[in-house]
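So the protein sequences, as listed, match chains A and B. Position 343, counted from 1, in the first sequence is what the numbering used here calls 343; the numbers after and before it change by one each time, with no gaps. Position 31, counted from 1, in the second sequence is what the numbering used here calls 524; the numbers after and before it change by one each time, with no gaps. Here the structure comes first, spelled out in structure tokens, and everything after it is commentary.
Protein chains: 2
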Amino acid sequence: MNINELLKKKSWLGWVLFLITVVAVFFLGLLASSIIERRSEAVFAYAPQITFPPNEPDNSKWGEIFPREYNSYLKTSDTSFRSRYNGSASIDMLETNPEMVILWAGYSFSKDYRQGRGHYYSVTDIRQTLRTGTPVNDVPSPAPNTCWTCKSSNVPGIIEEEGAAGFYRGTWEKRGKQIINPIGCADCHDSKTMNLRISRQALLEAYKAAGKDIGKVSFQEMRSLVCAQCHVEYYFNKNIVEGVDYLVFPWKNGLTAEDIERYYDELRFTDWTHALSRAPMLKAQHPDYEVYMTGTHASRGVSCADCHMPFISEGGQKFTDHHIQSPLNNVANSCQVCHREETERLVNDVYLRQDKIMESRKILEGLLVKCHFEAKAAWDKGAKEDQMKEILNDIRRAQWRWDFATAGHGNSFHSPLETLRLITSGISIASEARLKLSKVLVSLGYTGEVKVPDISEKAKAQRLIGLDIEKLTEEKSEFLKKVVPVWNKSEAN
Amino acid sequence: MNINELLKKKSWLGWVLFLITVVAVFFLGLLASSIIERRSEAVFAYAPQITFPPNEPDNSKWGEIFPREYNSYLKTSDTSFRSRYNGSASIDMLETNPEMVILWAGYSFSKDYRQGRGHYYSVTDIRQTLRTGTPVNDVPSPAPNTCWTCKSSNVPGIIEEEGAAGFYRGTWEKRGKQIINPIGCADCHDSKTMNLRISRQALLEAYKAAGKDIGKVSFQEMRSLVCAQCHVEYYFNKNIVEGVDYLVFPWKNGLTAEDIERYYDELRFTDWTHALSRAPMLKAQHPDYEVYMTGTHASRGVSCADCHMPFISEGGQKFTDHHIQSPLNNVANSCQVCHREETERLVNDVYLRQDKIMESRKILEGLLVKCHFEAKAAWDKGAKEDQMKEILNDIRRAQWRWDFATAGHGNSFHSPLETLRLITSGISIASEARLKLSKVLVSLGYTGEVKVPDISEKAKAQRLIGLDIEKLTEEKSEFLKKVVPVWNKSEAN
């Protein structure tokens, strides 16, 4: 068989292969077409066809166009997830840590402090807490409208119309009928482009005050900054616009606890005077963003949304999960994107950090309670202002560190070492204060031990500092029954 | 042109392609052959052809067969690398932290404490330090032979001949002539198989005491355990073999500072009585392994060798870099194998951890210094044993935590949170002690402040606690001039 015969024979095989290839390519084409079609379905679903006004506060209207995002957002109503430290649907922090009642004596947090629930409940919960008081029967609320700022998607629209100061002015009864929708779409999104946006003035103003340009931040930074509109340390400044509790982020000197403390000291700002020790106290709010910024995830460019709103995929469409939640309840989509390890080990790593920090936090809580009672004893025995001044400042500084470390959501994970550093610094300052107090007491002729009364239960601690919780609860209940339904109804109309 | 003609024409092209392929395959064959040859070169170089006895103490003999490992080992003589905290070739820790002179008053560490240099210097440095005293002119050394245990590759051979207790028995002048070679090959390797081996009894005995089987550890664990033969907390037990300072790792209750403290408490063990406070002190050695075990690298199965002796490649041969050193001086081969980030950022991350911990460490050091002086003041003013007992125990516990956190090499990187947790606990205990001391002082009629004398320099602090460093230095110098050359010479013969 010469080479030509061989080639002739092989040509049949060639034809068969050719036909098989033709068929295979045809089906590949079908597959590609199907993929492209699905992609265009996805692209079609993303195309914003906005029928609602800018700042639309009703999340369900946005949900008509973005059903996946909206449906996942609705899951923030699910309170079933329990981390190891979450015993109930909304843990009563004062019940779990009655020391806190003492630490906040004279301040509204001693009345009621519960673990935050999902964004879905933001309006419900702020109305329900005893902290916000009860505007009933022409009695004005103790809570300025500034308190609503972070609670409702109704806020951006009002601010656009009346300006930030206009929105803040007055107390709850003025705006109760306007603040109906919980935190939602308009808080973070531009209604035309769906781009992330900063809708709260305080963050824009804080950036300006620190000499930074919010216009220059990256998309990835925005995925944290929209959260930082609310999850930050803040205070109400009464000297910016007369008669207005103006919301300010105290970031001018920097974001650490010490930077912010210096800011408050320079302003001689005090949240309240402690009912027992008479110390000029600061209350840390929830400096989540500030503490997160000192941690390893922030330094690697991981944003809040990367872990709390990771991308998911449904029906060929990739989108951001708007079920904002603890990543511990969603390890596969959050942690495991980078950390290829078993869920249990990753979760245990978080608990390990929490445990180590909790040990020291409890020490500091105990010391602070003693400080307040010992200072009270010193006053009771006739201490003079000048004897107490430095001590009271120590108590302010030590409790500020405790609160900054403790008040945040997840600090001991976001930045464990910084959190423990703060607590350690607090322990050292509180101990110093106790030593000074002991000397003041000696100078007043008292060498014994100052006993800490029984504060083993929330109710005992609250009675001790003179709170009539039953009365407050009754008033709140009346407000919820009489006032809130009227507010809600006005929206329905 | 029908299909047959086309095929005929194409057959020429086929032949050309065929020939090209033949040539290409030929050269590929050459390449493969070259690779295989290089591999067999490498395999040949690895093949151990041992000509020296087991436990050969002379590292250069091993180096004849393993030149790459040996040459890299020799680089442990290089002291040029400076991390941010290393200012000089062998930083004088007492010069940098004169507080340490006070913390160790009454104990040999107050005389001399320098940063460890490379393994190459282990024998030189242990001879030179003022801590080990001077066996000159028939004056016996204060240092038992147990002190050599971790310093020389001569040790495994002696232990094999005389047993561990036999080796430990007696003081330096007995074995000075035998302890010549620095830490080296025989300490970690079996001379026949080159497998890793545990040559020190203390680790084997500690495993047994803790009910664990050293025979069941993995190869990867061995890559840490050979280091753990020495880089651990240990003490000398005088009650195991009469007249012998028996080396023991106090691991029976576990590896944490608290576990080991409980072990010592149960034994009523005390390293020394503090010269100022009279507290029954513990000295932490260098609990590197124990602290490392609580960290994230250990929990991910990263061994000591992975970072301190990473694999490198030379002439087609992959081998373990025996230049044991700070990974900060070798980021590319250590950190960056897993962490794909810039060197500068990785190094800064280490510094960041060190900074946060250093802040709290300095606080604790200050508190401990005050404790010792205040306790001394209490004794001076006539305090009774029973008034002081609890306080002295507090001082013991607080300083133990400081020492455990501080004495190790790299604790603040190996396990930052555990290290800071310990320091925090120490701060809390030391503060409590100061409060109690203040009350004791008041009961003795003293309400003033106990002044801490000027200890701003090492020399001042040492004079204060009654050390005659000049005399000690002279004696040491005589020992180094007269005795050491004789010891060294005996080896040469």
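Using N, Cα and C, we set each Cβ at its ideal position, and we do this for glycine too.
- Task: Using a Cβ-Cβ cut-off of less than 8 Å, list which residues of the stretch 408 to 423 of chain A approach chain B; keep chain order.
- Result: 416, 417, 418, 420, 421, 423
- Item | Per-residue burial, residue 257 of chain A [other beta carbons within 10 Å of its own, 16 or more giving buried] | buried
- Message: Any beta carbon from chain B within less than 7 Å of residue 13 of chain A's own beta carbon?
- Response: no
- May I have the straight-line CA-CA distance separating residue 982 of chain B from residue 649 of chain B, to the nearest angstrom? 21 Å
- Query: Under 8 Å Cβ-Cβ, which residues of chain B neighbour residue 447 of chain A?
  - Reply: 932, 935, 936
- Message: Whole angstroms are fine: how far does the CA of residue 846 of chain B sit from the CA of residue 909 of chain B?
- Response: 7 Å
- Neighbourhood of residue 158 of chain A by C-beta, 7 Å cutoff - its chain only, sequence neighbours within 5 removed: 167, 178
- Message: When you compare the CB of residue 435 of chain A with every CB in chain B, is at least one pair closer than 7 Å?
- Response: yes
- Item | Beta-carbon separation (whole angstroms), residue 894 of chain B vs residue 919 of chain B, contact threshold 8 Å | 3 Å
- Query: With a cut-off of 7 Å, does the C-beta of residue 920 of chain B fall near any C-beta of chain A?
  - Reply: yes
- Query: Any beta-carbon of chain B closer than 7 Å to the one on residue 431 of chain A?
  - Reply: yes
- Closer than 7 Å by beta-carbon distance: list the chain B residues that pair up with residue 396 of chain A, in chain order. The premise fails here: residue 396 of chain A is roughly 18 Å from chain B at the closest Cβ pair, so nothing lies under 7 Å.
- Message: When you compare the CB of residue 770 of chain B with every CB in chain A, is at least one pair closer than 7 Å?
- Response: no
- Are there three or more Cβ pairs, one per stretch, closer than 8 Å when the stretch 811 to 829 of chain B is compared with the stretch 871 to 878 of chain B? no
- Query: Is the Cβ of residue 360 of chain A closer than 7 Å to any Cβ of chain B?
  - Reply: yes
- Item | Boundaries of the alpha helix (DSSP H) in which residue 661 of chain B is found, first to last residue | 648 to 661
- Item | Per-residue contacts from residue 753 of chain B into chain A (C-beta, under 7 Å) | Result: empty, since nearest Cβ-Cβ is about 17 Å, beyond 7 Å.
- Message: Taking CB distances under 7 Å as the criterion, tell me whether residue 644 of chain B reaches chain A.
- Response: no
- Below 8 Å on the Cβ atoms is my guess for residue 141 of chain A versus residue 162 of chain A; work out the distance and round it to an integer in Å. The pair is not a contact, with the Cβ atoms about 19 Å apart (cut-off 8 Å).
- Item | Classification of residue 713 of chain B by the beta-carbon crowding that lies within 10 angstroms, buried from 16 upward | exposed
- Query: Which residues mark the beginning and the end of the alpha helix (DSSP H) in which residue 530 of chain A is found?
  - Reply: With chain A covering 1 to 493 only, the question about residue 530 of chain A has no answer from this structure.
- Any C-beta of chain B sitting closer than 7 Å to the C-beta of residue 363 of chain A? yes
- If contact means a Cβ-Cβ distance below 7 Å, which residues of the stretch 177 to 210 of chain A contact chain B? none
- As assigned by DSSP and simplified to three states, the class of residue 400 of chain A: helix
- Task: Consider the Cβ of residue 451 of chain A: report whether some Cβ of chain B lies at a distance smaller than 7 Å.
- Result: no
- Considering only residues of the same chain and omitting the five flanking positions on each side of residue 271 of chain A, which have a CB-CB separation below 8 Å? 107, 235, 281, 282, 283
- Item | Which listed residue (B/607, B/622, B/595, B/615) has its alpha carbon closest to that of residue 965 of chain B | B/622
- Item | residue 87 of chain A - DSSP class collapsed to helix/strand/coil | Below a pLDDT of 50, predicted positions are generally treated as unreliable, and residue 87 of chain A, at 49, falls in that range; no measurement from the model is reported.
- Segment contact flag, the stretch 392 to 407 of chain A with the stretch 459 to 471 of chain A, C-beta cutoff 8 Å, min 3 pairs: no
- Task: May I have the straight-line CA-CA distance separating residue 978 of chain B from residue 691 of chain B, to the nearest angstrom?
- Result: 31 Å
- Task: Taking residue 356 of chain A and residue 914 of chain B to be in contact with their CB atoms under 8 Å, please state how far apart those CB atoms are, rounded to whole angstroms.
- Result: 5 Å
- Buried versus exposed call for residue 233 of chain A [16 or more other C-beta atoms within 10 Å across all chains shown]: buried
- Item | Chain-ordered chain B contacts of residue 356 of chain A [CB-CB under 7 Å] | 910, 911, 914
- Query: Among A/342, A/98, A/408, which residue has its Cα nearest to the Cα of residue 293 of chain A?
  - Reply: A/408
- Do residue 769 of chain B and residue 832 of chain B have their C-beta atoms within less than 7 Å of each other? no
- Query: Roughly how many whole angstroms lie between the Cα atoms of residue 16 of chain A and residue 24 of chain A?
  - Reply: 12 Å
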